[in-house]
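Since the structure comes first, as structure tokens, the remarks are kept for the end.
Number of protein chains: 2
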Amino acid sequence: MAGGASSPGRSVTSRALAVLDAFGPDSPRLTLTQIAERSRTPLSTAHRLVAELTDWGGLARRPDGRYEVGHKLWDLGLLAPVEAELRSVASPFLLDVHTATRDTVHLAVREGPTALYVERISGRESVPVVSTVGSRLPLHATGVGKVLLASAPDEVVEQVLRSLTRQTRHTVVDPRRLRRELAEVRRRGYARTAEEMSLGTHSVAVPVQVEGTTVVAAALGIVVPSSRRDVTRLAPVLQVAARGIGRQLARVRDFH
Amino acid sequence: MAGGASSPGRSVTSRALAVLDAFGPDSPRLTLTQIAERSRTPLSTAHRLVAELTDWGGLARRPDGRYEVGHKLWDLGLLAPVEAELRSVASPFLLDVHTATRDTVHLAVREGPTALYVERISGRESVPVVSTVGSRLPLHATGVGKVLLASAPDEVVEQVLRSLTRQTRHTVVDPRRLRRELAEVRRRGYARTAEEMSLGTHSVAVPVQVEGTTVVAAALGIVVPSSRRDVTRLAPVLQVAARGIGRQLARVRDFH
DNA sequence: CTCTCGCTCCCACTGGACGGAAGGACGACG
DNA sequence: CGTCGTCCTTCCGTCCAGTGGGAGCGAGAG
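For the protein sequence lines, the chains are A and B, in the order given.
Numbered per our numbering, the first sequence spans residues 134 to 389.
Numbered per our numbering, the second sequence spans residues 134 to 389.
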């Protein structure tokens, strides 16, 4: 008979983790077979691991038979101090911006060559959702992305410029033009996009600088339907809020 | 020599999961030794598992040497559809309440004999934080808890009444009195607490009923500093928002 | 200096993970 | 109604990877 541990490969634990890795923003619901494929695990092994994880509460089975991330991982994930200080400081200011504009407000930080969205308040007019908390979007196609890129180290800029992926027909994919835009962002103090990430939306974003330093800790952005004509008028609103965040950050950090 | 797999116990995978289980709201930062104790795992085994998890990104080591939940688990946790429909429907209404009152607004559902907080907007005056998204609080000592308890099945009510833990000197620990309060909640349509969970705060909460049914899907609550005198005046504000949520829930569910 | 505490590393042993294969459930198609 | 396709579940002999006692190490306290 067959069987027997044949592929030496990874450790037992890492196999279970590979199963979890199969889940992502683009694939929150998976069949067992899909999980097995994505984690490069034999079906029967995947079956057992998934069963154990489900039993634990890390995965859950839906009525339709597919699996999704379960309560336990939600609980655990909420414990992660991902930009915890920044978020707690910034949240009230995001609310202020939202109250003033009723649009979708974002807070993002740079994580390598991507923008990581750490906080978000949805607007009333539901603009197409491309960003949720936890999602990572390219730096060259979003407002917050351009702001973060404008203050990123040269090596990161070069890396990004080398692979400008097209998101819509309006995405800036010409390195020279993007470089020019970044210079403009630095000069003006805010960034704009027009349907560069998803059709139908424009965005404005500003840097959040820790007061008294030149450190850009995050980017604060707003997304509006492209029908709106007064987009750049929003920049001052964002700047006021960003200053507030930056000042508070400096205070909190002074305090240790 | 020593060694050798001696304790038959759990599966390999479940040991890694037990390590994760060591982390909780009350213990988000742990030393290796603490993890080993809490997961009932020999130190050397815990060491290896923690190293694997850290390597994967599920845990992270802090400068002080302790461990905390890492990015990977944050990413994964955000994928969990915990009350996703309710939250997406309710969020705008929470914002409305917050905009109108500037206080801390909560949305909670009942999970067994506890109230699970699924959404939260913090107020300006920072009231003592006892509830964060993901936390579970007793049903008898919070506003949203009383609302949820008032519509819970008898068996749950009995269970809760049997173990009324004291949180502050104002907590209602007399079953008879609580029962009376629950009746009053049902009659009036809202619940109140006065420094029953934490000193210095009062709260008001109302049920969120799916329109056209008697199903209480959640509870919507607000927490204010106890210096405030007009607390019950907030009930109508919450009720309007709760109706809105209930109506939208009914629509969404009709739509399948 | 010694003692404690917490972490890291080593390594012989063995019991539990591994995965191929067979069987089952369900639905679509002709 | 049989056949095929897809996906899930279960079984079981083999064997290797996980295990954990213990030694060693570095830091801090007394």
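Every residue gets a Cβ at the ideal spot worked out from N, C-alpha and C, and that includes glycine.
Bear in mind the structure is a predicted one, so any value in this text is a computation, not a measurement.
C-alpha distance - residue i paired with residue j, whole-angstrom precision
i, j, result
"Glu119(B)", "Ser296(B)", "Examination of residue 119(B) is not possible in this model, given that chain B is present from 134 through 389 alone."
"Val339(A)", "Leu206(A)", "33 Å"
"Asp188(A)", "Arg171(A)", "21 Å"
"Ser331(B)", "Leu272(B)", "14 Å"
"Arg194(A)", "Gln167(A)", "14 Å"
"Arg366(A)", "Val251(A)", "25 Å"
"Val348(A)", "Gln342(A)", "6 Å"
"Thr346(B)", "Arg319(B)", "15 Å"
"Glu362(A)", "Ala375(B)", "The sequence shown places Arg at residue 362(A), rather than the Glu named in the question. Going by the C-alpha atoms only, they are around 34 Å apart."
"Pro369(A)", "Ser147(A)", "48 Å"
"Arg310(B)", "Arg253(B)", "29 Å"
"Thr237(B)", "Arg269(B)", "17 Å"
"Glu258(A)", "Arg302(B)", "46 Å"
"Pro175(B)", "Val357(B)", "46 Å"
"Arg220(A)", "Val230(B)", "21 Å"
"His180(A)", "Leu371(A)", "49 Å"
"Val263(A)", "Ser255(A)", "12 Å"
"Gly379(B)", "Thr232(A)", "23 Å"
"Thr164(A)", "Gly198(A)", "7 Å"
"Gly377(B)", "Ala351(A)", "35 Å"
"Phe226(A)", "Ser144(A)", "45 Å"
"Thr265(B)", "Thr234(A)", "26 Å"
"Ser359(B)", "Glu185(B)", "47 Å"
"Pro196(B)", "Leu281(A)", "26 Å"
"Arg384(B)", "Leu228(B)", "20 Å"
"Ser224(A)", "Ala217(A)", "11 Å"
"Val308(B)", "Asp387(B)", "Here residue 308(B) turns out to be Pro, not Val, going by the sequence shown. In a straight line, the C-alpha of Pro308(B) is about 39 Å away from that of Asp387(B)."
Interface partners of residue i on chain A, CB under 8 Å
i, result
"Phe156(B)", "Leu209 and Leu212"
"Ser147(B)", "Glu185 and Trp189"
"Val266(B)", "Leu211"
"Pro161(B)", "Leu212 and Pro214"
"Arg257(B)", "Pro225"
"Leu165(B)", "None at all; the shortest Cβ gap to chain A is about 16 Å."
Cβ distance (whole Å) where residue i is taken to contact residue j below 8 Å
i, j, result
"His335(A)", "Ala327(A)", "5 Å"
"Gly190(A)", "Asp208(B)", "The Cβ separation is near 18 Å, so there is no contact."
"Ala149(A)", "Ala149(B)", "6 Å"
"Arg312(B)", "Leu294(B)", "7 Å"
"Arg364(B)", "Val337(B)", "A small correction: the amino acid at residue 364(B) is Val; Arg does not occupy that position in the sequence shown. Going by Cβ atoms, the distance from Val364(B) to Val337(B) rounds to 6 Å, so yes, they are a contact pair."
"Gly210(B)", "Gly210(A)", "2 Å"
Within chain B, partners of residue i - CB distance below 7 Å
i, result
"Val215(A)", "His204 and Trp207"
"Pro358(A)", "The contacting residues do not exist; Pro358(A) stays about 16 Å from chain B at best."
"Ser144(A)", "Glu185"
"Leu153(A)", "Leu209"
Proximity below 7 Å, CB of residue i to CB of residue j
i, j, result
"Pro161(A)", "Glu201(A)", "yes"
"Gly333(A)", "His239(A)", "no"
"Leu249(B)", "Val242(B)", "yes"
"Gln292(B)", "Ala274(B)", "no"
"Val277(A)", "Leu382(A)", "no"
"Thr304(B)", "Glu329(B)", "yes"
"Leu192(B)", "Gly203(B)", "yes"
"Ser182(A)", "Val152(A)", "The question names Ser, yet the displayed sequence has Leu at residue 182(A). For Leu182(A) and Val152(A), yes; Cβs fall inside 7 Å."
"Leu315(B)", "Ala285(B)", "no"
Chain-ordered chain A contacts of residue i [CB-CB under 9 Å]
i, result
"Glu201(B)", "Leu212, Ala213 and Pro214"
"Leu182(B)", "Thr146"
"Leu176(B)", "Neighbours of Leu176(B) on chain A: none; closest Cβ ~17 Å, over 9 Å."
Beta-carbon neighbours of residue i, restricted to chain B and to distances below 9 Å
i, result
"His231(A)", "Leu228 and Thr232"
Cross-chain neighbours of residue i in chain A, by beta carbon under 7 Å
i, result
"Leu353(B)", "Result: empty, since nearest Cβ-Cβ is about 17 Å, beyond 7 Å."
Residue ranges of each beta strand (DSSP E) within the region 155-212 of chain A, 3 or longer: 192-194 and 200-202
Restricting to runs no shorter than 3 residues, where is the beta strand (DSSP E) found entirely within the region 214-274 of chain B? 237-244, 247-254 and 269-271
Runs of alpha helix (DSSP H) wholly within the region 277-358 of chain A (minimum 4 residues, chain order): 287-294 and 308-321
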